[in-house]
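Novice: In mature numbering (1 follows the signal peptide of the UniProt record, and there is no 0), the protein residues as written are -20 to -1, 1 to 924.
Let me give you the structure first, and then I'll get to my questions.
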């Protein structure tokens, strides 16, 4: 066996040595008009027998001895093209993409000079220009210019795209179920127990090739989106050998190297975002409960908990990040093998020394506009965020076939510690001291196998992806120690402290575990009837399984305690038969907090892409989707039980038409119609009753929830110019039937559910401009995109209270009207939650002629949006605009410019993220506020 390994090793060295003596010319041959790959195009050196043939993706690879060459590109019925002065060096790879023009009038040759570097931004613009649907996007080249380290920072710079909560994507003001996120075209779990969308902060930009946002529907796309489908494309293996290493650090004066930073002692593997078991639930069967008071087993069980309950101060470190990238393509006589490895690690610290949360109600006196404070929480928060990922790619390519595999693994661990002063502003005026310690662990594993095949005029593609996701929140710890006033002789003295609920205190531990598996497969076949007429058919399936579990302990202790959360679980203070006033656990298992669910979606489609005239192209077709959802769970009384019962059964026929009128070679007018849908999530279509331990909000499922049907209309004008310049303006209108809206209960504002609302709509316009300013300063480019949107929800169709006795319902409109101020006018409609009236992205970029220096100044802001919908005497909450201005600069230097130094400053304006309570003409009151400070970063990259 050792001899075999030695033989393989020596053989690989010999092959590598032989290949290293040559250089490579690699690239892609495409149609200049359509951008499609020219399969079978010949690439040759005139006068020699040396050459290559483009594969079914249009890619070619030509091994050459060192020297200078003229290369000829030819394809039947196309004008040939010669490219001169191609420099080939030993062991190196040159990239050259070529587009050929259809030979309509002559066979004349066109001679051009070689272009040194492939332009990814240009490639994305070509994709937009030739696409059958309206789309926008961002390439990896732009990621590098702007300096965003993860997708949540980068994607908000795409036209019409915003990010809420640092992780949730909104397209055209529509998020949650109305925006679909895919990974390499395949579905992935959402990783949030309360929402239907993907948490995009899990994806570092250095593993991504590009982001493409599809804004109009085509039958080949899954139909459950409205705002858009965000497709995250990971890097494929490179066409040439690449090995690079990057290290970086970040510093925020308010957060890093601070001795006031709050934390707690976690597990030994927290630094890799994985709990080591320190926080595991100490009982194996939560349903069996915990020993009763008086049981000798109660004390040992209480002692099994980690005794740490209080946040502690320690010095925070600087932010660090590391990435490694290696890939290559090996050429053999009849096939090519490519592979790639990308590793990424980030470890960031945040410290907020003045956070605030509050609750306000409308005053009972309707003549008073001033909001009435119920409570205010103020204090400090420390957060450590660890994220790492691994991307593995590999493929084997023959002339007409390719089979490949992609594996993406992402792991994230977030540890938080906070200390807050809780002040009751109502009758009691009581003060309490709150410590909260949390840990949230998120993981995503996604292997994908795919194939592409060419059979004469038929192209066949298939993909199968299995994704395993988990969100594990182990051992959330909260202590609220109430201050109990004491008086001696009528005079106030040192207060007592208590965690008793009757005195405003509490203490507890909480576990939450969500596991979801997705199996997604699809097959697509296209047939070219002629050069300008192509039909495409396909099918897909998506299977999902979810299991959600929660369990909590209440910590009880009678009598007076110290104002120190750690006091509760000191050994001498724990319950025993000799210390019956000690701290003990009370189990809190609620059947309604736990459920299982699964779904099946099967789809088939047919479409035709035809050029009716030389200037008019029509892409039309029909998609059929069949969905079944199943639910397993019960209510807390055991009177309502679902055992894998079907809760949704729908068959939908979804037509679409996309037309493209080419005014000129580089200008298009597009018009589109498509019917799409939005389905409720597992959590929403359930009977589950889940209390969020942090926000205190109880989420109640609605088993009768139905899907939403949406009609989408779009028009767009676009012009593309040389050197990545472009102009586009779009308009859109979307009509919702059965819009799903989160609704608060009038009698219990901290409880929410979901409802279908009759008719809602959203419309808007988008504008994007990219312009070079070489006439002012060579190398300067300016870009901006602006989105304006307006939405409407009919509040007369939103039920906020159902009277079980009379059967009468109270609508949101009636609820608002009953609490309106004397001078307040209540409209019948309001905007959709999360809908920003405007989005603005701008950049100013400088690149020198050699491409060695790049300086980018970028700005982003989104307008005020409704983040929490009020009801009754609870006012609305609005997210204030956050003005983000960032600067990033890089310089390549050294041997063959293989080293690069980058510096950056984020949030130059020092803006804060703030949400406010608002009602009528009352002054705004703070709902929450976070001061992000300014972040300075520096990184060094080296390409081997």
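Virtual Cβ for every residue (Gly too), placed ideally from N, Cα, C.
It should be emphasised that the depicted structure is a prediction, and the values quoted were computed from it without experimental measurement.
Taking residue 479 as the reference, which of 523, 530, 880 and 534 has the closest Cα?
Specialist: In the chain shown, the residue the question calls residue 479 occupies position 499. For the residues 523, 530, 880 and 534, the minimum Cα distance to residue 479 belongs to 534.
Novice: Using the three-state DSSP reduction, which class does residue 428 fall into: helix, strand or coil?
Specialist: By one-based count along the chain shown, residue 428 stands at place 448. Residue state, collapsed to three classes: strand.
Novice: Am I right that residue 234 and residue 913 are in contact with their C-beta atoms under 8 angstroms? What's the rounded C-beta distance?
Specialist: Residue 234 sits at position 254 when you count from the first residue of the chain shown. Residue 913 sits at position 933 when you count from the first residue of the chain shown. Right, the Cβ-Cβ distance comes to about 4 angstroms (below 8 angstroms), so this counts as a contact.
Novice: Between 67, 775, 202 and 160, which has its C-alpha nearest residue 581's C-alpha?
Specialist: Start at 1 with the first residue of the chain shown, and residue 581 comes out as number 601. It is 202 whose Cα lies nearest to the Cα of residue 581.
Novice: Here's the rule: buried if 16 or more other CB atoms are within 10 angstroms of the residue's CB, otherwise exposed. What is residue 473?
Specialist: Here residue 473 corresponds to residue number 493 of the chain shown, with the count starting at 1. Classification of residue 473: exposed, given that the 10 Å Cβ count is below 16.
Novice: Could you have a look at residue 862 and say whether DSSP puts it in helix, strand or coil?
Specialist: For this step, residue 862 is matched to residue 882 along the chain shown. DSSP places residue 862 in coil when its eight states are reduced to three.
Novice: Compare the beta carbon distance of residue 346 and residue 401 with 8 angstroms and say whether it is the shorter of the two.
Specialist: Here residue 346 refers to the residue found at position 366 of the chain shown. Here residue 401 refers to the residue found at position 421 of the chain shown. No.
Novice: Between 728, 639 and 661, which has its C-alpha nearest residue 693's C-alpha?
Specialist: Here residue 693 refers to the residue found at position 713 when the chain shown is read from its first residue. Closest by alpha carbon: 639.
Novice: What residue range is occupied by the uninterrupted beta strand (DSSP E) comprising residue 54?
Specialist: Translated into the one-based positions of the chain shown, residue 54 becomes position 74. That run of the beta strand (DSSP E) goes 47 to 54.
Novice: What separation, rounded to the nearest whole angstrom, lies between the Cα atoms of residue 187 and residue 324?
Specialist: Taking the first residue of the chain shown as position 1, residue 187 is located at position 207. Taking the first residue of the chain shown as position 1, residue 324 is located at position 344. Roughly 8 angstroms separates the two Cα atoms.
Novice: When you compare only the Cα positions, how much space is there between residue 289 and residue 563?
Specialist: Residue mapping note: residue 289 aligns to position 309 of the chain shown, counting from 1. Residue mapping note: residue 563 aligns to position 583 of the chain shown, counting from 1. So the alpha carbons of these two residues sit roughly 13 angstroms apart.
Novice: What do you get for residue 10, buried or exposed, if any count of 16 or more other CB atoms within 10 angstroms of its CB means buried?
Specialist: In the chain shown, counting from the first residue as 1, residue 10 sits at position 30. With 16 or more other Cβ atoms within 10 Å, it is buried.
Novice: Measuring alpha carbon to alpha carbon, tell me which residue in 490, 746, 6 and 877 is nearest residue 308.
Specialist: Your numbering for residue 308 matches position 328 in the chain shown. Out of 490, 746, 6 and 877, 6 has the C-alpha closest to the C-alpha of residue 308.
Novice: For residue 706, write down the residues that DSSP places opposite it in a beta bridge.
Specialist: Counting from 1 along the chain shown, the entry for residue 706 is found at position 726. BP columns for residue 706 point to 700 and 750.
Novice: Name the one or two DSSP bridge partners that residue 635 has.
Specialist: Position 655 of the chain shown, counted from the start, is the residue given in the question as residue 635. Answer is 602, bridged to residue 635.
Novice: Verify whether the separation of the beta carbon atoms of residue 127 and residue 882 is less than 8 angstroms.
Specialist: For the purposes of this step, residue 127 is taken as the residue at position 147 of the chain shown. For the purposes of this step, residue 882 is taken as the residue at position 902 of the chain shown. Closer than 8 angstroms, so yes.
Novice: Starting from residue 793, follow the beta strand (DSSP E) in both directions and report where the run begins and ends.
Specialist: The residue you call residue 793 lines up with position 813 of the chain shown. That residue, residue 793, is in no beta strand (DSSP E); its alpha helix (DSSP H) goes 792 to 798.
Novice: Could you please give me the residues that DSSP links to residue 540 through a beta bridge?
Specialist: Position 560 of the chain shown, counted from the first residue, corresponds to residue 540. Its beta-bridge partners do not exist; DSSP assigns none.
Novice: Whose C-alpha, out of 814, 414, 915 and 584, is nearest the C-alpha of residue 157?
Specialist: One-based indexing of the chain shown puts residue 157 at position 177. Of 814, 414, 915 and 584, the residue nearest in Cα terms is 814.
Novice: Return the residue from the list 53, 578, 726 and 647 that minimises the CA-CA distance to residue 700.
Specialist: What you label residue 700 is simply residue 720 of the chain shown in a count that begins at 1. The option with the nearest alpha carbon to residue 700 is 647.
Novice: Is it buried or exposed for residue 61, if we count other Cβ within 10 angstroms and need 16 for buried?
Specialist: As a working mapping, residue 61 is identified with position 81 in the chain shown. Flag for residue 61 reads buried.
Novice: Leaving out five residues before and five after residue 305 in sequence, what residues of the same chain have Cβ atoms less than 6 angstroms from its Cβ?
Specialist: Within the chain shown, residue 305 is the residue found at index 325, counting from 1. Cβ within range, chain order: 224 and 322.
Novice: Use the C-beta contact count for residue 784: other C-beta atoms within 10 angstroms, 16 or more gives buried, fewer gives exposed.
Specialist: In the chain shown, the residue the question calls residue 784 occupies position 804. So residue 784 ends up on the exposed side.
Novice: Report the CB separation of residue 104 from residue 119 in whole angstroms; it is logged as a contact under 8 angstroms.
Specialist: Indexing the chain shown from 1 puts residue 104 at position 124. Indexing the chain shown from 1 puts residue 119 at position 139. The Cβ separation is near 5 angstroms, so the contact holds.
Novice: What number of angstroms, rounded off, separates the C-alpha of residue 873 from the C-alpha of residue 418?
Specialist: As a working mapping, residue 873 is identified with position 893 in the chain shown. As a working mapping, residue 418 is identified with position 438 in the chain shown. Going from the Cα of residue 873 to the Cα of residue 418 covers about 44 angstroms.
Novice: Could you give the DSSP three-state label for residue 512: helix, strand or coil?
Specialist: What you label residue 512 is simply residue 532 of the chain shown in a count that begins at 1. Here residue 512 sits in coil by DSSP.
Novice: Spatial neighbours of residue 817 within its chain, please: C-beta separation below 6 angstroms, excluding the five flanking residues on both sides.
Specialist: Position 837 of the chain shown, counted from the first residue, corresponds to residue 817. Hits under 6 angstroms: 843.
Novice: In chain order, what residues of the same chain lie with their CB nearer than 7 angstroms to the CB of residue 159, ignoring the 5 residues before and after it?
Specialist: Position 179 of the chain shown, counted from the start, is the residue given in the question as residue 159. Cβ within range, chain order: 149, 150, 151, 177, 205, 207, 208 and 210.
Novice: May I ask you to report which of helix, strand or coil DSSP gives residue 132?
Specialist: Position 152 of the chain shown, counted from the first residue, corresponds to residue 132. Helix, per DSSP.
Novice: When burial is assigned at 16 or more other CB atoms within 10 Å of the CB, is residue 788 buried or exposed?
Specialist: Taking the chain shown and counting its residues from 1, the one referred to as residue 788 is at position 808. It counts as exposed.
Novice: Going by CA-CA distance only, name the one from 446, 442 and 411 that's closest to residue 425.
Specialist: The sequence position of residue 425 within the chain shown is 445, counting from 1. The shortest Cα separation from residue 425 among 446, 442 and 411 belongs to 446.
Novice: Can you tell me whether residue 713 is buried or exposed? The criterion is at least 16 other CB atoms within 10 Å of its CB, across all chains shown.
Specialist: Residue mapping note: residue 713 aligns to position 733 of the chain shown, counting from 1. The residue in question, residue 713, is exposed, as its Cβ has fewer than 16 Cβ neighbours within 10 Å.
Novice: Do residue 767 and residue 782 come within 8 angstroms of each other at the CB atom, strictly closer than that value?
Specialist: What you label residue 782 is simply residue 802 of the chain shown in a count that begins at 1. What you label residue 767 is simply residue 787 of the chain shown in a count that begins at 1. Cβ atoms of residue 782 and residue 767: not closer than 8 angstroms.
Novice: Kindly list the residues whose CB is nearer than 7 angstroms to the CB of residue 47, restricted to its own chain and excluding five residues on each side of it in sequence; keep chain order.
Specialist: Position 67 of the chain shown, counted from the start, is the residue given in the question as residue 47. These residues qualify, in order along the chain: 68.
Novice: Spell out the partners DSSP gives residue 719 in its beta bridges.
Specialist: In the chain shown, the residue the question calls residue 719 occupies position 739. Answer is 737.
Novice: In or out: residue 393 buried (at least 16 other Cβ within 10 Å) or exposed?
Specialist: Position 413 of the chain shown, counting from 1, holds the residue named residue 393. Classification for residue 393: buried.
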